[in-house]
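For the sequence shown, this note's numbering gives the first residue as 3, with consecutive numbering after it.
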Amino acid sequence: MTSRFKEKLDFIRNACVKYFKAPIEAGLSIWQILSILFLLATLSAICAWTFDSLRIAPISLAIAIALWGIKRKNKKIKECAGIASSTLTQTPSEELKINNASHPRLNLEDLPEIKFTNITKLTNLEMVKNFVAVDVETTGLNPSKNRIVEIAAVRFENWKPAKELHTYINPQCKIPQKTIAIHGITNEQVQDAPCFENIVDSLSDFIGELPIVGHNLIFDLKFLFCSGYDFTEIKKRKYYDTLTLASRVLIKEGSQRWNVQEGIYEDIEDDGDVEDYKLTTLCDYYGIRDNKNAHSASSDSHAAGLLFKHLIDDKMC
């Protein structure tokens, strides 16, 4: 690509930013705008032969390419559709029922294979709009050896947070300092909290038979199962992992795609949508929250539920 051609392309792109940003933000698609451009070019060429239609067509195509790039960038500054910092306190709390029921720990080897449900254009969204988003904070990464110190489950009704069950959990062991540095939960905060087995029934009643949503959901599910909550008793339950969905909806920067004709993987030429699929990164991308409460079970479960809706909306586009 010559420097002169690149200068012209940059000129077109800058012009598009100036003149077409408003219609894009107003909701017009790239192809709607391109159709208008071609229509105007065609009418002008027919009515007044002063236009060089052979030049108009490639210019319109260049504008379309530029608009495509602008739209992808503009997606990163979407207006916040959900979780302002006040939203956490606005979600009504479910009363936590503590009992002395016996729920012994379970072996990870006994956890059945969890298959995450995909979202396609054929998905009946009426069957998906009600779900429970969950998140746990733990003493470490090993569900067989480590323990839960905080859990939040947010019930979404018609895509909106309607009720929350939240509590700290006494892990009956010391929380490592390196783990405290991540989620900020101290030993003092959990010393008077209930043990997990004492809240299993309350959690099970709250979730019921609803689908379970979470970010990197398998992590949370393994800890819940090993801690004594057998959610797999509901055989037809659906599970949705927003990490998996994000990898199917958004392009990761620096990733590759398979070139069928050449039989090789090749770098994706554009910048991509996100640098990674972390919950904080995706929250920034969609404007879900400011991330100051990241690694809080309550904030992360709210964020995962709202992210779920954003990903579905993009998938259906």
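Ideal Cβ placement from N, Cα and C applies to all residues, glycine included. All values derive from a computational prediction rather than experimental measurement.
Residue i - DSSP class collapsed to helix/strand/coil
i	result
Glu139	strand
Thr181	helix
Leu252	coil
His304	helix
Lys311	helix
Glu264	coil
Lys131	coil
Glu111	helix
Lys317	helix
Ala299	helix
Thr282	helix
Nearest to residue i (by Cα), restricted to the options the options
i	options	result
Asn94	Tyr242, Ala155, Ala306, Lys131	Here residue 94 turns out to be Pro, not Asn, going by the sequence shown. Here the closest residue by C-alpha is Ala155.
Gly230	Leu284, Glu264, Val202, Thr119	Val202
Cys285	His217, Lys317, Phe225, Arg239	His217
Ser204	Lys311, His105, Gly307	His105
Lys176	Asn160, Glu159, Gly142	Gly142
Asn101	Arg157, Thr122, Phe198	Phe198
Ile171	Val251, Phe225, Arg157, Ala183	Phe225
Arg250	Leu124, Glu166, Lys317, Leu127	Lys317
Ile253	Ala183, Tyr242, Tyr287, His168	Tyr287
Gln179	Val134, Thr140, Asn126	Thr140
Gly186	Phe310, Asn295, Ser206	Asn295
Gly274	Arg239, Glu255, Lys162, Thr283	Glu255
Val134	Leu245, Lys99, Phe158	Phe158
Cys228	Ile121, Asn144, Lys123	Asn144
Ala183	Thr282, Leu309, His168, Ser298	Ser298
Ile153	Leu167, Leu124, Pro163	Leu167
Leu247	Ile266, Ile116, Thr122, Gly265	Thr122
Glu211	Ile220, Asp222, Thr244, Lys238	Lys238
Glu277	Ile290, Ile266, Ser257, Gln263	Ser257
Ala195	Lys311, Leu313, Leu98	Leu98
Tyr241	Asn132, Gln92, Ala103	Asn132
Asp315	Val130, Thr181, Ala164	Val130
Ser303	Thr181, Thr283, Cys319, Leu219	Leu219
Val215	Ser206, Thr119, Pro114, Thr282	Thr119
Ile116	Gln174, Lys162, Lys311, Phe221	Phe221
Paired residues, beta bridge with residue i - DSSP
i	result
Ala154	Asp137, His168
Val276	Lys254
Glu159	Lys162
Ser95	Glu166
- For the segment 170-249, which segments carrying the alpha helix (DSSP H) assignment without a break, of at least 4 residues, lie completely within its bounds, in sequence order? For the segment 170-249, whole alpha helix (DSSP H) runs of length 4 or above, ordered along the chain, are 179-185, 189-192, 202-209, 219-228.
- Message: Under 8 Å: do the segment 138-149 and the segment 231-250 share three or more Cβ pairs, one atom per stretch?
- Response: With the rule of 3 Cβ pairs closer than 8 Å, the segment 138-149 does not count as touching the segment 231-250.
- Cβ contact (3+ pairs, closer than 8 Å) linking the segment 101-114 and the segment 186-194: Result no; under three Cβ-Cβ pairs closer than 8 Å.
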